[in-house]
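Chemist: Quick one: structure below, then a few questions.
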Amino acid sequence: MATNPSPSLSVTISQADFDIAELQGSLQQGNAAEGAIATFTGYVRSDQSSGEVSAMELEHYPGMTEKSIQAILLQASERWPILSVKVVHRVGRLFPGDQIVWVGVSSGHRAAAFSACEFIMDYLKAEAPLWKKEHSEVGEIWVEAKASDSGRARRWD
Amino acid sequence: MATNPSPSLSVTISQADFDIAELQGSLQQGNAAEGAIATFTGYVRSDQSSGEVSAMELEHYPGMTEKSIQAILLQASERWPILSVKVVHRVGRLFPGDQIVWVGVSSGHRAAAFSACEFIMDYLKAEAPLWKKEHSEVGEIWVEAKASDSGRARRWD
Amino acid sequence: MLQVVFFARVKEELGCGRLELQWSEGSATVGALKEQLCQRENGAWRNVLSEDNLICAINHAVVDDAMAIADNDEVAFFPPVTGG
Amino acid sequence: MLQVVFFARVKEELGCGRLELQWSEGSATVGALKEQLCQRENGAWRNVLSEDNLICAINHAVVDDAMAIADNDEVAFFPPVTGG
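These protein sequence lines are chains L, Z, U and D, in that order. According to my numbering, the stretch in the first sequence is residues 49 to 205, in order. According to my numbering, the stretch in the second sequence is residues 49 to 205, in order. According to my numbering, the stretch in the third sequence is residues 2 to 85, in order. According to my numbering, the stretch in the fourth sequence is residues 2 to 85, in order.
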């Protein structure tokens, strides 16, 4: 329907840092129904199980990573009345306090915005081909997948 | 414990607009455990049940509004491991597309950040003494409370 | 003295945002104060203040009709909240 | 030809990010291709590729060991994902 256009679904994988105000602004399309934006930003923590982390490296599978996040956004848009959604995920070398990932969802009402945003993060953690390696005093360690992350994705089934 | 300081809980009621990047930045306190920030921004919608809204007025109960939101933040901080949380709510005359409310929660991990942010919005809608009046072609109408809003708050009990 | 304050639609419909009243036995509970206020303007206030969903707060805390009111309290009446 | 790609810990442990292999009957399913790869470097690859939680994707879609591989497919092997 002309009055209910397809939501805008956008994925960016990049080494560059991002500007959260610019990203949130880009979700707003001047639609009269825009009432709610929920966002999530993930940061590099320095206190990890491997010890005090000095840096992190993020690797991805170019092509598949974008495609798999796009598929998650499509699922979210079929499940909730989303107006616009954007995911930015950084790759390469990052340092404690750096922004890693941003997810923003615009919707008419808050319930859909919150649910879709959390759903996207849960699936991104469980399905998007991205891998973290931590650099610390004890050396370089590939982060192990957590069973709780696949559990959190499954609870939406 | 020195290693687990009390979370910072902040409430601002103001006529002035707010800058989401500045607000999100103020949640970050350089703590090594900061890994996740969830935010919610509410905007004035122009398509309301009373028709096409041209403006909105927000009234509050000075003193009680701040106090009741502070109590909600305290509850949230007892329930989830929050590092920092901030709520800004505007009052006075607002126009379609204007920002109304911002809630940001910083935590070590995303589950706590998402839950606390949504909990705070649900309780704010159900308990904080704030009232909206819509201006539209049909005149000025006080917005009626929605049963679904008190229901959404109760589901956390 | 009691400070009695009204907000939003209630304030508008009463045409009154703030009253100062002498504390008395007749205003020693929320229910009693409400009944006293209902008689104002030849009973015109009763329409507004007898609404089922009217909320009352004493000194910024929500209370019910049975709550006692002490001298110098601030008593507020307002409709269900609609912020956020 | 098959493009075979490896990522993250798997790539590092194999010391290999990308291989080109002739498509053959012996590499016509994921399981068969894996067995063929396991024999490389005198079986040193078996330690890495026989891990239970190894994930395989064909042309960017996750598949299981029974999935058929066609000529010109891109086949990826990688550990459980840890982004976000």
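Yeah, the Cβ is synthetic: ideal placement off N, Cα and C, and Gly gets one too.
For D/I70, which of helix, strand or coil comes out of DSSP?
Modeler: One-based indexing of the fourth sequence puts residue 70 of chain D at position 69. It is coil, neither helix nor strand.
Chemist: Tell me whether U/G85 sits in a helix, a strand or coil according to DSSP, three-state version.
Modeler: Counting from one through the third sequence, the residue named residue 85 of chain U turns up at place 84. Residue state, collapsed to three classes: coil.
Chemist: Return the CA-CA distance between L/H157 and D/V5, expressed in angstroms with no decimal places.
Modeler: Within the first sequence, the letter at position 109 stands for residue 157 of chain L. Within the fourth sequence, the letter at position 4 stands for residue 5 of chain D. L/H157 and D/V5: Cα-Cα distance of roughly 45 Å.
Chemist: Do the CB positions of Z/A176 and Z/T113 come within less than 7 Å of each other?
Modeler: Here residue 176 of chain Z corresponds to residue number 128 of the second sequence, with the count starting at 1. Here residue 113 of chain Z corresponds to residue number 65 of the second sequence, with the count starting at 1. Contact flag set, yes.
Chemist: Taking the alpha carbon of L/L131 as the point to measure from, which residue in L/V153, L/P110, L/S196 has its own alpha carbon closest?
Modeler: The residue labelled residue 131 of chain L in the question sits at position 83 within the first sequence. Ranking L/V153, L/P110, L/S196 by Cα distance to L/L131 puts L/V153 first.
Chemist: Excluding sequence positions up to five away, which residues of its chain have a Cβ less than 6 Å from the Cβ of L/V59?
Modeler: Working through the first sequence from its first residue, we reach residue 59 of chain L at position 11. Answer for L/V59: E114, I117, Q118, V135, listed in chain order.
Chemist: List the residues of chain Z whose Cβ lies closer than 7 Å to the Cβ of L/M169, in chain order.
Modeler: Taking the first residue of the first sequence as position 1, residue 169 of chain L is located at position 121. Simply R158.
Chemist: Is the shortest distance between the beta-carbon of U/V64 and the beta-carbons of chain Z less than 7 Å?
Modeler: The residue you call residue 64 of chain U lines up with position 63 of the third sequence. With 7 Å as the cut-off, U/V64 does not count as an interface residue toward chain Z.
Chemist: Z/G90 touches chain L at which residues, Cβ-Cβ below 9 Å?
Modeler: Counted from its first residue, the second sequence places residue 90 of chain Z at position 42. Those within 9 Å of Z/G90 in chain L are G83, A84, I85, R158.
Chemist: Taking the DSSP output, what are the residues bridged to L/W204?
Modeler: The residue you call residue 204 of chain L lines up with position 156 of the first sequence. Answer is none; L/W204 lacks a bridge partner.
Chemist: Which residues of chain Z have a Cβ atom closer than 9 Å to the Cβ of U/F8, listed in chain order?
Modeler: Here residue 8 of chain U corresponds to residue number 7 of the third sequence, with the count starting at 1. Simply E107, H108, Y109, P177, W179.
Chemist: Tell me the rounded alpha-carbon separation between L/N79 and L/Q72.
Modeler: Numbered from its first residue, the first sequence carries residue 79 of chain L at position 31. Numbered from its first residue, the first sequence carries residue 72 of chain L at position 24. Using only the alpha carbons, I get a separation of about 14 Å.
Chemist: For L/V136, would you say it is in contact with chain D, using Cβ-to-Cβ distances shorter than 7 Å as the test?
Modeler: Against the first sequence, residue 136 of chain L aligns to sequence position 88. Taking Cβ atoms only, chain D never reaches closer than 7 Å to L/V136, which makes this a no.
Chemist: I need the straight-line Cα distance from Z/E185 to L/D197, nearest angstrom please.
Modeler: Numbered from 1 along the second sequence, position 137 holds the residue referred to as residue 185 of chain Z. Numbered from 1 along the first sequence, position 149 holds the residue referred to as residue 197 of chain L. Going by the C-alpha atoms only, they are around 50 Å apart.
Chemist: Pull up the DSSP beta-bridge partners for L/I130, would you.
Modeler: Within the first sequence, numbered from 1, the residue matching residue 130 of chain L stands at position 82. Note: L/I130 sits in a beta bridge opposite L/S155.
Chemist: I'd like to know whether the C-beta of L/R93 is nearer than 7 Å to at least one C-beta of chain Z.
Modeler: On the first sequence, residue 93 of chain L is found 45 positions in, with the first residue counted as 1. With 7 Å as the cut-off, L/R93 counts as an interface residue toward chain Z.
Chemist: In chain order, what residues of the same chain lie with their CB nearer than 8 Å to the CB of L/D65, ignoring the 5 residues before and after it?
Modeler: Stepping through the first sequence from its first residue, residue 65 of chain L is reached at position 17. Within the same chain, L/D65 has close Cβ partners R138, D146, Q147.
Chemist: Over what stretch of residues does the alpha helix (DSSP H) that includes U/E130 continue unbroken?
Modeler: Outside the shown range of chain U (2 to 85) lies residue 130 of chain U, about which nothing can therefore be said.
Chemist: May I ask you to report which of helix, strand or coil DSSP gives Z/W190?
Modeler: Position 142 of the second sequence, counted from the first residue, corresponds to residue 190 of chain Z. Here Z/W190 sits in strand by DSSP.
Chemist: Counting only Cβ pairs nearer than 9 Å, list the residues of chain L close to D/F1.
Modeler: With chain D running from 2 to 85 in the structure shown, residue 1 of chain D is simply not present.
Chemist: Spatial neighbours of D/V64 within its chain, please: C-beta separation below 7 Å, excluding the five flanking residues on both sides.
Modeler: One-based indexing of the fourth sequence puts residue 64 of chain D at position 63. The answer, listed in chain order, is V31, C57, A58.
Chemist: Should U/G85 and Z/V92 be called a contact, given that it needs their Cβ atoms to be closer than 7 Å?
Modeler: Numbered from 1 along the third sequence, position 84 holds the residue referred to as residue 85 of chain U. Numbered from 1 along the second sequence, position 44 holds the residue referred to as residue 92 of chain Z. No; because the gap between Cβ atoms is not below 7 Å, this pair is not in contact.
Chemist: Taking all protein chains shown into account, decide if Z/P83 is buried (16 or more other Cβ within 10 angstroms of its Cβ) or exposed.
Modeler: Here residue 83 of chain Z refers to the residue found at position 35 when the second sequence is read from its first residue. Residue identity check: residue 83 of chain Z is Gly in the sequence provided, not Pro. Buried: at least 16 other Cβ atoms inside 10 Å.
Chemist: What runs of the alpha helix (DSSP H), each 4 residues or longer, lie entirely inside the segment 83 to 133 of chain L?
Modeler: Entirely contained in the segment 83 to 133 of chain L, the alpha helix (DSSP H) runs reaching 4 residues are, in chain order, 112 to 127.
Chemist: Check whether the segment 2 to 22 of chain D and the segment 72 to 83 of chain D touch, using three or more Cβ-Cβ pairs below 8 Å as the test.
Modeler: In short, these stretches touch, since the Cβ pair count reaches three.
Chemist: So what does L/S184 bridge to, in DSSP terms?
Modeler: Position 136 of the first sequence, counting from 1, holds the residue named residue 184 of chain L. Note: L/S184 sits in a beta bridge opposite L/V101, L/G187.
Chemist: What does L/I68 reach in chain Z if we use C-beta pairs closer than 8 Å?
Modeler: Mapped onto the first sequence, residue 68 of chain L falls at position 20. Neighbours of L/I68 on chain Z, chain order: I68, A69, Q72.
Chemist: From Z/A124 to Z/L57, what distance separates their C-alpha atoms?
Modeler: For the purposes of this step, residue 124 of chain Z is taken as the residue at position 76 of the second sequence. For the purposes of this step, residue 57 of chain Z is taken as the residue at position 9 of the second sequence. Answer to the nearest angstrom: the Cα atoms are 10 Å apart.
Chemist: Using a 10 Å radius around the Cβ and a threshold of 16 neighbouring Cβ atoms, would you call D/A62 buried or exposed?
Modeler: On the fourth sequence, position 61 is the one that residue 62 of chain D refers to. Exposed: under 16 other Cβ atoms inside 10 Å.
Chemist: Are any of the Cβ atoms in chain Z nearer than 7 Å to that of L/F162?
Modeler: On the first sequence, residue 162 of chain L is found 114 positions in, with the first residue counted as 1. Yes, contact with chain Z.
Chemist: With burial defined as no fewer than 16 other Cβ atoms inside 10 Å of the residue's Cβ, what is the status of Z/P55: buried or exposed?
Modeler: As a working note, residue 55 of chain Z is residue 7 in the second sequence. It is buried - the Cβ of Z/P55 has at least 16 other Cβ atoms within 10 Å.
Chemist: For Z/A50, does the three-state DSSP call read helix, strand or coil?
Modeler: Locating residue 50 of chain Z in the second sequence gives position 2, counting from the first residue. In this prediction, Z/A50 has a pLDDT of 37, which is less than 50 and means its spatial position is unreliable; what the coordinates show is noted afterwards. Z/A50: coil per DSSP, three-state reduction.
Chemist: Under 7 Å, Cβ to Cβ, is there at least one residue of chain U near Z/V149?
Modeler: Residue numbering aside, residue 149 of chain Z sits at position 101 when the second sequence is read from its first letter. Yes, because at least one Cβ of chain U sits closer than 7 Å to the Cβ of Z/V149.
Chemist: Between D/G85 and chain L, is there a C-beta pair that is closer than 7 Å?
Modeler: Taking the first residue of the fourth sequence as 1, we reach residue 85 of chain D at position 84. With 7 Å as the cut-off, D/G85 counts as an interface residue toward chain L.
Chemist: Beta-carbon of D/V31 versus every beta-carbon of chain L: anything under 7 Å?
Modeler: Here residue 31 of chain D refers to the residue found at position 30 when the fourth sequence is read from its first residue. Not closer than 7 Å to any Cβ of chain L, the Cβ of D/V31 fails to qualify, so no.
Chemist: Counting only the same chain and skipping the five closest in sequence on each side, list residues whose C-beta sits under 6 Å from that of L/Y109.
Modeler: For the purposes of this step, residue 109 of chain L is taken as residue 61 along the first sequence, with counting starting at 1. The residues are P177.
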